[in-house]
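In this note's numbering, the protein residues as written are 38 to 328.
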Ligand SMILES: [Zn+2]
């Protein structure tokens, strides 16, 4: 794999995220009197925005879920919250087997002295692409602004639902909540930047764009959802990819003009990169087809 401090090339994918069933990506509770109790994230003009970090998190979740469904494949995903990689060997500190927290702390002290190559080698496919506590992400996604034409004269919708607040294990209190929704038909501009998207010749590394397409195709096929309030049927989106631009370090330095790939040439380019897992996926999981 190309090291993170070496830029070989950079890929920019541009497209749109279209809201199919209403979208609620919250910005936390508001104190403003005129605001909804649970507003959506907005830019300084008051237009809706999808935070890039939120979209990236949803993509990562999709990829993690799909890779966990693959048995015995070289593509794999850790559980970044419960058991982040690199993982300790089974025989590490057997005396601490029943004291998970302590064992994790001991393991942390071992791993923090590893160099970058060793950390990468011990990390899962998803951490290598999206980053971990040990190294940065190869993928960056700026905030997604609303496409102007799809927002003119549109208003936020307000919906009501019942929230169950659990104060204790025994008492649950139902309460009416009102929340803001970005309506169906609204579109957002998407840009995804990937550093060194191609695996180095001869390396066993997976193609970064190919991996990303596994997650993106799940959105394109309508299996993945974005944002909150999914119990209310919100969050279905369609992702459309319109163009891809690959620039090499040489081209960046020389300022050479690079024209983006669009239409059939874009489809051909994406198909060349799609990862086709050879192992049989577990029952009940979906792997996006190449078509
Ligand atoms: Zn991992």
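Note that beta-carbon positions come from the ideal geometry of N, C-alpha and C, so glycine has one too.
Remember, predicted model here, so these are calculated numbers, not experimental data.
Minimum C-alpha distance to residue i - residue among the options
| i | options | result |
| --- | --- | --- |
| residue 236 | 230, 229 and 244 | 244 |
| residue 215 | 43, 74 and 289 | 74 |
| residue 166 | 297, 309, 195 and 98 | 98 |
| residue 196 | 309, 164 and 77 | 77 |
| residue 415 | 90, 118, 124 and 138 | In this structure the chain extends from 38 to 328, so residue 415 is not present and cannot be described. |
| residue 276 | 213, 232, 290 and 181 | 181 |
| residue 187 | 79, 223, 233 and 105 | 223 |
| residue 250 | 80, 285 and 93 | 93 |
| residue 281 | 123, 307 and 261 | 307 |
| residue 212 | 225, 198, 220 and 219 | 198 |
| residue 271 | 312, 278 and 259 | 259 |
| residue 279 | 269, 104 and 299 | 299 |
| residue 54 | 293, 283, 267 and 256 | 256 |
| residue 100 | 60, 218 and 161 | 161 |
| residue 178 | 88, 194, 247 and 242 | 88 |
| residue 234 | 283, 252 and 168 | 283 |
| residue 225 | 183, 45 and 232 | 183 |
| residue 80 | 63, 288 and 286 | 63 |
| residue 265 | 61, 114, 46 and 43 | 61 |
| residue 113 | 228, 248, 131 and 149 | 248 |
| residue 129 | 120, 45 and 144 | 144 |
| residue 159 | 132, 171 and 122 | 122 |
| residue 116 | 132, 172 and 164 | 164 |
| residue 221 | 47, 56 and 84 | 56 |
| residue 170 | 149, 312 and 154 | 149 |
| residue 86 | 262, 301 and 185 | 185 |
| residue 189 | 84, 290, 52 and 139 | 84 |
N-terminal and C-terminal residue of the alpha helix (DSSP H) that residue i is part of
| i | result |
| --- | --- |
| residue 143 | 137 to 148 |
| residue 90 | 89 to 105 |
| residue 163 | 162 to 167 |
| residue 155 | 153 to 158 |
| residue 303 | 300 to 310 |
| residue 83 | That residue, residue 83, is in no alpha helix (DSSP H); it is neither H nor E in DSSP. |
| residue 187 | 185 to 188 |
Cβ neighbour criterion (16 or more within 10 Å) applied to residue i
| i | result |
| --- | --- |
| residue 192 | exposed |
| residue 13 | Lying outside 38 to 328, the shown extent of the chain, residue 13 is not represented and no answer is given. |
| residue 295 | exposed |
| residue 147 | exposed |
| residue 118 | exposed |
| residue 142 | exposed |
| residue 321 | Confidence is the limiting factor: at residue 321 the pLDDT is only 42, short of 50, which leaves the residue's position unreliable, though a coordinate-based value still follows. Answer is exposed; the Cβ neighbour count stays below 16. |
| residue 152 | exposed |
| residue 287 | exposed |
| residue 268 | exposed |
| residue 229 | buried |
| residue 217 | buried |
| residue 231 | buried |
| residue 120 | exposed |
| residue 108 | exposed |
| residue 43 | exposed |
| residue 273 | buried |
The beta strand (DSSP E) enclosing residue i, as first and last residue numbers
| i | result |
| --- | --- |
| residue 281 | 274 to 285 |
| residue 257 | Careful: residue 257 lies outside any beta strand (DSSP E), inside the alpha helix (DSSP H) at 245 to 257. |
| residue 225 | 224 to 232 |
| residue 52 | 46 to 56 |
When a residue counts only if its C-beta is closer than 7 Å to some heavy atom of ligand 1, which residues count, in chain order?
114, 115, 117, 121, 122, 160, 161, 163, 164 and 169
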